[in-house]
Amino acid sequence: MSNGPHAKLAELGLALPDVVPPVASYVPAVQSGQHVYVSGQLPVAEGKLLATGQVGAGVSPEQAKDLAERCALNALAAVDSLVGLENIVKIVKLTGFVASAPGFHGQPAVINGASDLLGSVFGEAGRHARSAVGVAELPLDAPVEIELIVEVA
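Written out as structure tokens, the structure is:
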């Protein structure tokens, strides 16, 4: 399957990380029928949060966009561990949360980091419904968090 999602990630110079362990009482992803619901994923790599703080005050929108991409990679890792990326039929919904400084209104551009990655990996099947929400704070003082709903075969 040379054109599958793992190959697409490799073409982008990316690889799936290990599944990020939960920081509270939940599981990374759960399947119900033909859908997988991914718990909120933070920009964690090798067990460490890549940045802290609010976007627009200490975290630049460009950095936050990269962090959103990392959140999406972590979400895909959770899906892969549960059902395998090759079983994804459609990315249905992405919900993105951006810890926003007062006056910051660029949440959609930040969450594009996650949306663009999903489109690059899954093509038309990666086009999804989406919300990009500004919030005062996120767990562990993370700047960005995303959730995914995917349809699987």
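Heads up, the sequence shown is in full-length UniProt numbering, so the first residue is 1 and it goes up one at a time.
Think of the CB as a built atom: it goes at the ideal place given N, C-alpha and C, for glycine as much as any other residue.
Here the structure is a predicted model, which is why all the values come from computation and not from measurement.
Put residue i into one of helix, strand or coil per three-state DSSP.
i: residue 113; result: helix
i: residue 122; result: helix
i: residue 6; result: helix
i: residue 11; result: helix
i: residue 16; result: coil
i: residue 140; result: helix
i: residue 1; result: The predicted position of residue 1 is uncertain, since its pLDDT is 43 and thus under 50; no value can be drawn from it.
For residue i, count the other beta carbons within 10 Å of its own beta carbon; 16 or more makes it buried, fewer makes it exposed. Which is it?
i: residue 105; result: exposed
i: residue 36; result: buried
i: residue 127; result: exposed
i: residue 56; result: buried
i: residue 150; result: buried
i: residue 74; result: buried
i: residue 24; result: exposed
i: residue 27; result: exposed
When the Cα of residue i is compared with those of the options, which residue comes out closest?
i: residue 47; options: 118, 151 and 18; result: 18
i: residue 71; options: 82, 86 and 94; result: 94
i: residue 102; options: 136, 129 and 117; result: 136
i: residue 142; options: 39, 52, 27 and 6; result: 52
i: residue 62; options: 119, 121, 144 and 11; result: 144
i: residue 44; options: 22, 59, 54 and 32; result: 22
i: residue 59; options: 11, 139 and 99; result: 99
Does the distance from the C-beta atom of residue i to that of residue j stay below 9 angstroms?
i: residue 133; j: residue 97; result: yes
Margin query: Extract the residue ranges of the alpha helix (DSSP H) inside the segment 26–89, only unbroken runs of 4 or more that lie entirely within it.
Written below: 61–82
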